[in-house]
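Data block below; observations after.
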Amino acid sequence: MENRIERSVRRDITNKLIRALAMFIPGRSDESLLTILSNLNLWMADENEKDEVLAKLNAQIFNTPGKDIPKLLIDLFPFFNNLILNEIAVLFVTTLEKFPEDSLPSYIMNHRELVGTLYSYIEKPYLSNTSQTIFRHCIINSETFTRFVYTKGFFSSFIEFLTGDNLEQLITAFATYDAILNSHPDISADYCTRNWSFVQLQFKQIMTSPNYPVQLTFLPILVKFLTLEPCLYCLYCYLEDLENLKFVFYLLDGSSKKVQTQAYNLLKLFVVNPKKTKTIKETIASNKKKLARIIRKVQMDDDAPEFEEERQEVIMLIENM
Numbered sequence: 001m002e003n004r005i006e007r008s009v010r011r012d013i014t015n016k017l018i019r020a021l022a023m024f025i026p027g028r029s030d031e032s033l034l035t036i037l038s039n040l041n042l043w044m045a046d047e048n049e050k051d052e053v054l055a056k057l058n059a060q061i062f063n064t065p066g067k068d069i070p071k072l073l074i075d076l077f078p079f080f081n082n083l084i085l086n087e088i089a090v091l092f093v094t095t096l097e098k099f100p101e102d103s104l105p106s107y108i109m110n111h112r113e114l115v116g117t118l119y120s121y122i123e124k125p126y127l128s129n130t131s132q133t134i135f136r137h138c139i140i141n142s143e144t145f146t147r148f149v150y151t152k153g154f155f156s157s158f159i160e161f162l163t164g165d166n167l168e169q170l171i172t173a174f175a176t177y178d179a180i181l182n183s184h185p186d187i188s189a190d191y192c193t194r195n196w197s198f199v200q201l202q203f204k205q206i207m208t209s210p211n212y213p214v215q216l217t218f219l220p221i222l223v224k225f226l227t228l229e230p231c232l233y234c235l236y237c238y239l240e241d242l243e244n245l246k247f248v249f250y251l252l253d254g255s256s257k258k259v260q261t262q263a264y265n266l267l268k269l270f271v272v273n274p275k276k277t278k279t280i281k282e283t284i285a286s287n288k289k290k291l292a293r294i295i296r297k298v299q300m301d302d303d304a305p306e307f308e309e310e311r312q313e314v315i316m317l318i319e320n321m
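Each residue of the sequence shown is one higher than the one before, starting from 1 at the first, in UniProt numbering.
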């Protein structure tokens, strides 16, 4: 059949992979390892293969005692070229999408040190994208793994990767942070509600970064999180903090039009909040002329008629305070 690999190639393929890893020499063994990984991916992606056969193959990769194929692969990342890294990423992503609770997420939870290994690769430019792609897909496809990330402190420690001024690296890191925060809102909301004092400090630390790319990338993630239904408690806690409002004012008054647009989306939440504290209301009222002037100049990517209606409504609410 088309795209099917020969029986002789499939036979004992995981043991072939283990032997190839044990004897791997960078630059000399690349081709043979790449061939095995490519064949493994072709087999796993074969739509004509029986589900029970693929489940058995998945178990051989992740659940065979003493073989530890995922750990061998991840530990050897620094010695692999990009082609091999891409095949490994495909293998991990394909298996976890087919078997989300019985593949890499569960393996990592039983080998917790691998999170530290993947985190250590984030700061290495040629490994960062692969390691974060794998980690991100574990989060997106597994609620159990996401809960593990929160309860074991891996969410709180991820903030160290959200600094710097390299836009490409920041976009990748914030995509992972977005996945942790917003993929499973019931889990993230529960954690953030119980640990709001700490989470709020972390949000402030990120948002007050002097680096423009950090602010630009973080603001839409924050707005998305605060407006998720399970996050209502966090939303009201955020909106009653005067320091948050004052920093939104600061961003609105800045020189970056893109940051200004994202800050406007955050300001709207303060304005329409039905539970505004007296202090918040008075602060908005005392700045209403300046706010109205700034809001009139805010430009969205798509200035649709509904945005203009919303803008006028926000201005009216501010002017009536």
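Just so it is clear, CB atoms sit at the ideal spot from N, CA and C, and this is done for glycine as well.
Bear in mind the structure is a predicted one, so any value in this text is a computation, not a measurement.
Limits of the alpha helix (DSSP H) - the one that A189 falls within: 185-194
DSSP state of K124 mapped onto helix, strand, coil: coil
The stretch 65-76 in contact with the stretch 14-22 per 3-pair CB rule at 8 Å: yes
7 Å Cβ shell around I295 - same chain, five flanking residues per side excluded: Around I295: Y264, R311, V314, I315.
Reduced DSSP secondary structure (H/G/I, E/B, other) of I84: helix
N- and C-terminal bounds of the alpha helix (DSSP H) containing residue 324: In the structure as shown, the chain begins at 1 and stops at 321. Residue 324 is therefore absent and cannot be evaluated.
Straight-line Cα distance separating Q200 from T279: Whole-angstrom Cα-Cα distance: 19 Å.
Coil, strand or helix - residue 322 by DSSP: With the chain covering only 1 through 321, there is no way to say anything about residue 322.
Spatial distance of K257 from F145 (CA atoms): 38 Å
Boundaries (first-last residue) of the alpha helix (DSSP H) holding Q169: 167-182
Spatially closest choice to Q260 from T217, L42, Y119, P274, by CA coordinates: When the alpha-carbon of Q260 is set against those of T217, L42, Y119, P274, the nearest one is in T217.
Presumed contact (8 Å Cβ cut-off) between Y191 and Y150, rounded CB distance: Right, their Cβ atoms sit about 4 Å apart.
Straight-line Cα distance separating I159 from L34: 34 Å
Supposed close pair N41, L96 - CB separation, criterion 8 Å: Rounded, the Cβ-Cβ distance is 13 Å, inconsistent with contact.
Cβ neighbours of V248 in the same chain (closer than 6 Å, five flanking residues each side left out): A263, L266, L267
Nearest-angstrom beta carbon gap, Y121 and F77 [assumed within contact, 8 Å]: Between F77 and Y121 a beta carbon distance of about 6 Å is seen, short of the 8 Å cut, so the two are scored as contacting.
Among S157, F225, P210, N182, nearest to F198 - alpha-carbon criterion: S157
Ordered list of beta strand (DSSP E) runs contained in the stretch 249-314, each at least 3 residues: If we require 3 residues or more, the stretch 249-314 turns out to have no beta strand (DSSP E) run fully inside it.
Candidates N211, P220, K275, R28: closest to L239 by CA position: K275
Close Cβ partners of K281 (< 8 Å) along its chain, the five nearest in sequence each way excluded: M321
Buried versus exposed, by CB contacts within 10 Å (16 or more), R11: exposed
Among Q215, N182, C234, the one whose alpha carbon lies nearest that of N195: C234
Reduced DSSP category for I74 - H, G, I as helix; E, B as strand; rest coil: It is helical.
Residues of its chain near M1, where Cβ-Cβ distance is below 6 Å and the 5 sequence neighbours each way are ignored: Note that M1 has pLDDT 40, beneath the 50 cutoff, so the model's placement of it is unreliable and the number below is only indicative. Cβ within range, chain order: N48.
F80 vs D30 beta-carbon contact at 9 Å: yes
Separation of I318 from S188, as counted between CA atoms: 32 Å
Through-space distance from T163 to I221, alpha-carbon basis: 15 Å
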